[in-house]
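In what follows, a structure is listed as structure tokens, so that the remarks can point back to it.
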Amino acid sequence: MLGPRIGVLQERVDPLIGDRKSPPRVGDDGVPVRKQPASTAIRPVHIVHGHRLQSGTSAMCISMFGVMAEMDAEPSGPAGTPTAQAAALASRHGAAVLVVAAALTAVALAFGADSWTTTVLVCVAPFAAAAAVIDVRCQRIPTPIVALTLMLALAILLVGTTFLGDVARLGRAILAAVSVGVLYLLLWRFASLGLGDVRLATVLGLVAGWAGWPMVAWFIIAAHLLAAPFAVWQLVRGRRGPIPFGPFLVAGLYLAVVLQALVN
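Counting in my numbering, the sequence shown runs from 58 upward without gaps.
Structure, rendered in structure tokens:
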């Protein structure tokens with residue numbers, strides 16, 4: 058019972074999905090041109106991602122899918138990913154990273170409020186310097202650097218909390234990080250700030266929060282005061298592109314350490 062119905066259905070569907078027959082071609086001498094057998098007919102072949110595809114609708118769809126995949130995917134290879142490119146730039150400008158890290162370390166040692174604040178500022182300095190230099194060179198703050206900075210800062214603060222027994226201080230640092238993160242997330246949403254800047258500001262807010270709420274305020278104010286002249290200079294030069302805000306965040310934190318020490 059089912060076989061005849063399938064045969065009828067196939068007869069109705071085949072004309073819709075199969076190749077439509079066209080009139081035979083006629084040569085210049087009036088003799089119809091014979092169609093080559095399917096086994097020997099030459100069909101255009103497309104190469105997509107190393108695969109041979111016969112011409113037709115399926116080849117076109119797969120080709121379009123391959124193009125979209127290439128557009129959506131990030132460049133591959135050690136020199137293609139954004140993080141690898143940033144790391145390559147940092148390695149080529151390693152001297153600048155070392156100089157900036159040394160300057161930040163000197164500020165922390167000279168003006169650190171207490172031993173644990175000084176410790177976390179010194180340990181974070183190389184990563185903060187790398188983030189600042191990379192942001193200047195390629196206007197990108199790699200997430201791995203920020204993640205390493207966060208883990209290192211948290212580890213030091215947890216050890217400090219264990220020795221000091223001051224859990225409230227750690228809670229204040231975490232609350233400060235969340236507050237700074239929310240603030241800069243709003244700036245990212247409404248002021249074209251980069252997400253890398255938001256992540257870096259959150260981590261630096263954690264460090265500032267460990268030293269106290271005045272340090273958090275000094276950190277935010279100093280970062281924006283330092284960035285303001287550069288923004289005006291960019292406008293005067295007619296450049297309205299994004300501003301590498303990472304260096305100003307890093308400089309703002311360590312300038313806040315100096316200001317806090319001078320005020321106290």
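Idealized CB from N, CA, C, for every residue including glycine.
Among the options, the one whose alpha carbon lies nearest that of residue i
i: Trp275; options: Ala288, Val157, Phe305 and Met208; result: Phe305
i: Leu240; options: Gly262, Thr219, Asp223 and Gly222; result: Gly262
i: Ala187; options: Leu214, Val179, Val177 and Ile198; result: Ile198
i: Val203; options: Arg256, Trp173, Ile213 and Val190; result: Arg256
i: Ala153; options: Ser172, Pro183 and Ala165; result: Pro183
i: Leu221; options: Ala258, Val260 and Trp173; result: Trp173
i: Leu166; options: Thr175, Ala158 and Ile278; result: Thr175
i: Leu316; options: Ala280, Val190 and Ala159; result: Ala280
i: Ala163; options: Gly151, Ile277, Leu178 and Arg149; result: Leu178
i: Arg194; options: Ala248, Leu211 and Ala145; result: Ala145
i: Ile278; options: Phe287, Leu312 and Asp254; result: Leu312
i: Ala210; options: Phe247, Ile231 and Leu161; result: Ile231
Buried/exposed call for residue i, threshold 16 Cβ in 10 Å
i: Leu310; result: buried
i: Pro299; result: exposed
i: Ala285; result: exposed
i: Gly107; result: Below a pLDDT of 50, predicted positions are generally treated as unreliable, and Gly107, at 40, falls in that range; no measurement from the model is reported.
i: Trp290; result: exposed
i: Ala297; result: According to the sequence shown, residue 297 is Arg rather than Ala. Classification for Arg297: exposed.
i: Pro201; result: exposed
i: Met272; result: buried
i: Leu214; result: buried
i: Val181; result: buried
i: Ala189; result: buried
i: Val307; result: buried
i: Val216; result: exposed
i: Val237; result: buried
i: Phe168; result: buried
i: Val320; result: exposed
i: Ala233; result: buried
i: Ala185; result: buried
i: Leu282; result: exposed
Residue interval of the alpha helix (DSSP H) (run including residue i)
i: Gln317; result: Gly303 to Val320
i: Ser172; result: Ser172 to Cys195
i: Arg246; result: Val224 to Ala248
i: Gly253; result: Leu252 to Ala268
i: Ile202; result: Thr200 to Leu221
i: Gly151; result: Gly151 to Phe168
Rounded distance between the beta-carbons of residue j and residue i, thought under 8 Å
i: Val157; j: Thr206; result: Not confirmed; about 14 Å, so no contact.
i: Asp192; j: Gly303; result: 3 Å
i: Leu252; j: Leu244; result: No, Leu252 and Leu244 are not in contact; Cβ-Cβ is about 11 Å, not under 8 Å.
Residue i beta carbon near the ligand FAD (any heavy atom closer than 7 Å)
i: Gln291; result: With respect to small molecules bound, the structure shown includes none, and the ligand FAD cannot be examined in it.
Using 8 Å as the cut-off, can you tell me whether the stretch 264-272 makes contact with the stretch 219-238, which would need three or more C-beta pairs spanning the two stretches below that distance? Segments in contact, yes.
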